[in-house]
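Taken in order, these protein sequences are the chains called C and E. Everything in the first sequence is counted per my numbering, starting at 2 for the first residue and increasing by one. Everything in the second sequence is counted per my numbering, starting at 11 for the first residue and increasing by one. The structure appears below as structure tokens.
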Amino acid sequence: DGGITQSPKYLFRKEGQNVTLSCEQNLNHDAMYWYRQDPGQGLRLIYYSQIVNDFQKGDIAEGYSVSREKKESFPLTVTSAQKNPTAFYLCASTATGGTGELFFGEGSRLTVL
Amino acid sequence: AQSVTQLGSHVSVSEGALVLLRCNYSSSVPPYLFWYVQYPNQGLQLLLKYTSAATLVKGINGFEAEFKKSETSFHLTKPSAHMSDAAEYFCAVSDTGTASKLTFGTGTRLQVTL
């Protein structure tokens with residue numbers, strides 16, 4: 002079945018450590034997105050990529066980095082510069098020419114100890 | 011600039027009762043509107059979308075929403091709630107139809123009681 006796979010589902014990190022969240026899709030979608038979800042705040046866009054080897058900052062990119070070396074993969078690194086990294090992270094994708102419908106992975110919950 | 015407001019962060023209904031989740035938007039152009047559902051510790055799933063075709067949109071699991079331009083609203087309804095409807099619901103708006111310009115509301119948590 003086609004879909005988006007995020008790993009790990011749960012992750013614990015000590016302060017000062019970088020951590021990378023994986024996102025892989027087999028939907029053949031060109032565009033991929035990373036969102037952060039905090040209670041009562043909805044979803045906020047971190048980074049997005051519309052094509053391989055290109056990506057743009059979203060609304061809250063500070064303290065995060067991404068890469069897009071393959072169409073299927075869009076990993077997110079939460080760096081030590083992110084001051085409040087504990088959150089639920091969601092990866093999503095869309096088909097080119099679509100009407101904005103997002104397909105989501107099941108999310109990764111990051112907790113900083 | 012676009013924005014979306016969901017009235018009521020928590021809504022509780024009895025099983026079998028009408029579900030009404032409110033969403034109001036602002037947009038300078040005809041919007042694309044979406045409702046997504048999220049079950050605990052999972053990603054979001056599209057319930058339905060409005061893209062300037064019929065104003066009454068039917069989605070999955072018996073949900074529907076009506077686009078009312080005069081009221082700038084896109085409320086989500088279901089005639090009879092089921093226990094399995096308990097989840098968080100997000101309304102989202104886009105001016106351009108592209109996901110990179112999608113703005114989400116803060117969500118409404120639906121509780122269904124016996």
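A virtual CB, placed ideally from N, CA and C, is assigned to each residue, including glycine. These numbers come from a predicted model, not from an experiment.
Beta-bridge partners of residue i, as assigned by DSSP
i	result
Gln18(C)	According to DSSP, Gln18(C) bridges with nothing at all.
Leu17(E)	DSSP, once it has assigned bridges, lists no residue as partnering Leu17(E).
Ile5(C)	Gln26(C)
Cys101(E)	Trp45(E)
Glu55(C)	Note that residue 55(C) is Asp in the sequence shown here, rather than Glu. Asp55(C) is bridged to Ile52(C).
Val122(E)	Val23(E)
Arg110(C)	Tyr11(C), Phe89(C)
Ala32(C)	Thr95(C)
Pro66(C)	It should be pointed out that residue 66(C) corresponds to Ser in this sequence rather than to Pro. Thr78(C).
Lys59(E)	Phe44(E)
Lys72(C)	BP columns for Lys72(C) are empty, so no partner.
Residue i versus residue j: straight-line alpha-carbon distance, rounded
i	j	result
Arg14(C)	Arg110(C)	11 Å
Tyr90(C)	Cys24(C)	10 Å
Met93(E)	Asp39(C)	25 Å
Gly72(E)	Tyr65(C)	39 Å
Pro89(E)	Val113(C)	42 Å
Leu57(E)	Ser68(C)	30 Å
Leu12(C)	Lys78(E)	43 Å
Residue nearest to residue i in terms of C-alpha spacing, selected from the options
i	options	result
Gly4(C)	Ala82(C), His30(C), Trp35(C), Val67(C)	His30(C)
Phe75(C)	Phe105(C), Gln18(C), Gly43(C), Glu16(C)	Phe105(C)
Val39(E)	Thr118(E), Lys111(E), Asp105(E)	Asp105(E)
Ala91(E)	Val14(E), Gly26(E), Phe73(E), Gly18(E)	Gly26(E)
Asn54(C)	Asp60(C), Lys72(C), Gly64(C), Ala62(C)	Lys72(C)
Cys101(E)	Ser24(E), Asp95(E), Tyr60(E), Val122(E)	Tyr60(E)
Val14(E)	Thr123(E), Thr118(E), Gln48(E), Leu124(E)	Thr118(E)
Gly101(C)	Ala82(C), Val20(C), Gly59(C), Met33(C)	Met33(C)
Below-8 Å beta-carbon distance, residue i vs any chain E residue
i	result
Ala88(C)	no
Tyr65(C)	no
Gly115(C)	This structure leaves residue 115(C) out entirely; chain C is present only between 2 and 114.
Thr112(C)	no
Gly3(C)	no
CB contact check: residue i to chain C, cutoff 8 Å
i	result
Phe100(E)	yes
Asn71(E)	no
Asn51(E)	yes
Lys78(E)	no
8 Å Cβ cut-off: residues of chain B touching residue i
i	result
Gln121(E)	Looking for chain B here will not work: the only protein chains present are C and E.
Note to self: If contact is defined by three or more beta carbon pairs under 8 Å, each pair taking one atom from either stretch, is the region 27-45 of chain E in contact with the region 70-87 of chain E?
What the structure shows: yes
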